[in-house]
Amino acid sequence: MHGASYERARELLRTTPLVDGHNDLPWALRLLPEVDETRSAASEVDLAQSQPRLHTDLPRLRAGGVGVQFWSVYVPCRLSGDAAVTAVVQQAELVHTLAARYPSQLRIAGTVAEARAAFADGRIASFLGAEGGHSINESLGVLRALYRLGVRYMTLTHNDNTSWADSATDVPVVGGLSDFGREVVREMNRIGMLVDLSHVAATTMRDALDVAEAPVIFSHSSCRAVADHPRNVPDDVLRRLPGNGGVCMVTFVPAFVSPDLVEWDRGLQTAMAAAGAKHADLDERQEFLKTWDGPKPPKAGLDAVVAHVEHAREVAGIDHIGIGGDYDGVTELPVGLEDVSTYPVLFAALLDRGWTEEECAKLAGENVLRAMTEAETHAAR
Numbered sequence: 186m187h188g189a190s191y192e193r194a195r196e197l198l199r200t201t202p203l204v205d206g207h208n209d210l211p212w213a214l215r216l217l218p219e220v221d222e223t224r225s226a227a228s229e230v231d232l233a234q235s236q237p238r239l240h241t242d243l244p245r246l247r248a249g250g251v252g253v254q255f256w257s258v259y260v261p262c263r264l265s266g267d268a269a270v271t272a273v274v275q276q277a278e279l280v281h282t283l284a285a286r287y288p289s290q291l292r293i294a295g296t297v298a299e300a301r302a303a304f305a306d307g308r309i310a311s312f313l314g315a316e317g318g319h320s321i322n323e324s325l326g327v328l329r330a331l332y333r334l335g336v337r338y339m340t341l342t343h344n345d346n347t348s349w350a351d352s353a354t355d356v357p358v359v360g361g362l363s364d365f366g367r368e369v370v371r372e373m374n375r376i377g378m379l380v381d382l383s384h385v386a387a388t389t390m391r392d393a394l395d396v397a398e399a400p401v402i403f404s405h406s407s408c409r410a411v412a413d414h415p416r417n418v419p420d421d422v423l424r425r426l427p428g429n430g431g432v433c434m435v436t437f438v439p440a441f442v443s444p445d446l447v448e449w450d451r452g453l454q455t456a457m458a459a460a461g462a463k464h465a466d467l468d469e470r471q472e473f474l475k476t477w478d479g480p481k482p483p484k485a486g487l488d489a490v491v492a493h494v495e496h497a498r499e500v501a502g503i504d505h506i507g508i509g510g511d512y513d514g515v516t517e518l519p520v521g522l523e524d525v526s527t528y529p530v531l532f533a534a535l536l537d538r539g540w541t542e543e544e545c546a547k548l549a550g551e552n553v554l555r556a557m558t559e560a561e562t563h564a565a566r
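Heads up, our numbering is the position in the sequence shown plus 185, with the first residue counted as 1.
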């Protein structure tokens, strides 16, 4: 049973587009056992039907009030060079194919105006976000080609460093951004692609903010002061967002939002290192967990996510926060936020805590759409 606040949240999301910063459905589809990588996953899995193996399908996106989705076109770090470029193009093509298969539900958008028009027409506006700067293979030409394919942000790294940027979860080599890394940021600003600082080291965050002339985003990161995980954003960086115009899109990943899980994950990392396994490789981590006899992970709940949202609001300000669930990019979600249908539950909790509908609308999507508009305006100069 849902109460009055839930109904208020649902009504809010009917008029304000909920912009989710990060959903890994394209890669999750690719990993399903019946999917042949040489053919399109879009033709083998019917997203118009319930898909209980996934966190995402079209009925649940509708139930969750999602209005604008950044679909992650993710490439694992084990792919490099030309193989990484091939994979990111395949992922981009998959998103376009999904939009073509479900035209009454999804519509590719290239601008904020197109996204708002799609939302007004009852479609889920679909942007692409490239996860992992290794996917451009050190080529600004590839970066520009990804923009033409609909990619509107790029995460400068994934879990491993690139040759030009340090990752949050790797041993520092560059010291932040290299000269080429700064050139990448400037080129992204020039063409109107958002610089995504999720996954990068704090030194890289600071270097990017020093260079950036358009708003940056964190497509799926939470707060270091609440849960001390390297994937989260330190307060000094959050405090710089108003000056930049950027947005931290708080994620739901339990290992990032729960302090207890952060401690558990450190134990897992130590055990994997002792066994010669790589914690940063998500596939290797899942394999290791199948046989690890360590403690079971504690559960995270909705209250953990609320704590991060409210901390980010306190430090960065109400105009610089958003939501990036990371559905289908993790194996578990917090209790109460198990799939994409549950976004109204979060907004209902915030309304119950005294947030106004205007404040919830900023968090839901207006802030990141404003940041994108500023990036588009900068690129048009």
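We put the CB at the ideal spot given by N, CA and C, even for glycine. The structure displayed is predicted, hence computed values, not measured ones.
key: Contained alpha helix (DSSP H) runs [length at least 4] in the region 236-304, N- to C-terminal order   = Listed in chain order, they are 243-248, 266-286.
inquiry  = Could you give the first and the last residue of the continuous beta strand (DSSP E) run that contains R337?
reply    = From DSSP, the beta strand (DSSP E) with R337 extends over 336-340.
task = Look up N429 in the DSSP assignment and say whether it is helix, strand or coil.
result = N429 falls in the helix class under three-state DSSP.
key: beta strand (DSSP E) segment containing I506, residue limits   = According to the DSSP assignment, I506 belongs to the beta strand (DSSP E) that extends over 506-508.
ask   = Considering S190, what are the terminal residues of the alpha helix (DSSP H) in which it resides?
value = Taken as a continuous stretch (DSSP letters only), the alpha helix (DSSP H) holding S190 covers 189-200.
inquiry  = At 4 residues or longer, what runs of the alpha helix (DSSP H) sit wholly inside the region 497-550?
reply    = Restricted to the region 497-550, the alpha helix (DSSP H) segments that are unbroken, complete and at least 4 residues in length are 528-537, 542-546, listed in chain order.
query = Which partner residues does T310 have in the DSSP bridge list?
reply = A quick correction: the sequence has Ala, not Thr, at residue 310. BP columns for A310 point to V253, R292.
ask   = Taking DSSP as the reference, what is the three-state secondary structure of D355?
value = Coil, per DSSP.
task = Identify whether N374 lies in helix, strand or coil by the three-state DSSP scheme.
result = Looking at N374 - three-state DSSP - the assignment turns out to be helix.
query = What does L203 pair with, by DSSP beta-bridge criteria?
reply = DSSP output for L203 lists V251 as bridge partner(s).
query = Residue range of the alpha helix (DSSP H) that D450 falls in?
reply = 444-459 is the span of the alpha helix (DSSP H), which, as asked, contains D450.
task = Report the rounded CA-to-CA distance for D488 versus G521, giving the unit in angstroms.
result = Each residue's alpha carbon lies about 9 Å from the other.
query = Considering only C-alpha positions, which residue in the set G249, L283, D221, R193 is nearest to L210?
reply = Answer by Cα proximity: L283.
query = Going by other Cβ atoms of all chains shown within 10 Å of its Cβ, with 16 needed for buried, is V494 buried or exposed?
reply = Under the 10 Å beta carbon count, V494 is surrounded by 16 or more other beta carbons and is classified as buried.
task = Could you tell me whether the Cβ atoms of S526 and A248 are closer together than 9 Å?
result = Between S526 and A248, the C-beta gap is smaller than 9 Å, which places the two residues in contact.
request  = Go through its chain and collect everything with a Cβ distance to Q236's Cβ below 6 Å, but skip five positions before and after it.
outcome  = Close CB contacts of Q236 within its chain, under the 6 Å cut and outside five residues either way in sequence, are with D242 (chain order).
inquiry  = Can you find the residues in the same chain that come closer than 7 Å, C-beta to C-beta, to P483, ignoring five residues on each side of it along the sequence?
reply    = Within the same chain, and ignoring the five residues on either side of P483 in sequence, the residues whose Cβ sits closer than 7 Å to its Cβ are S443, D445, L446, W449.
inquiry  = According to DSSP, simplified to helix, strand and coil, what is D381?
reply    = The answer is strand: DSSP assigns D381 an E or B state.
ask   = Below 9 Å between beta carbons: does that hold for V258 and G295?
value = Their beta carbons are not under 9 Å apart, which means V258 does not touch G295 by this criterion.
inquiry  = Counting beta carbon pairs with one atom in the region 377-388 and one in the region 549-560, are three or more of them shorter than 8 Å?
reply    = They touch, by the three-pair rule.
key: Residue range of the alpha helix (DSSP H) that includes F473   = First-last of the alpha helix (DSSP H) with F473: 467-476.
message = Would G514 and V204 be called neighbours here (beta carbons separated by less than 9 Å)?
response = Against a cut-off of 9 Å, the Cβ pair of V204 and G514 comes out as no contact.
task = Out of H207, P218, R286, Q275, state which residue places its alpha-carbon closest to the alpha-carbon of Q254.
result = With distances taken between Cα atoms, Q254 lies closest to H207.
task = Determine the DSSP secondary structure at A410, reduced to helix, strand or coil.
result = The answer is coil: DSSP assigns A410 none of H, G, I, E or B.
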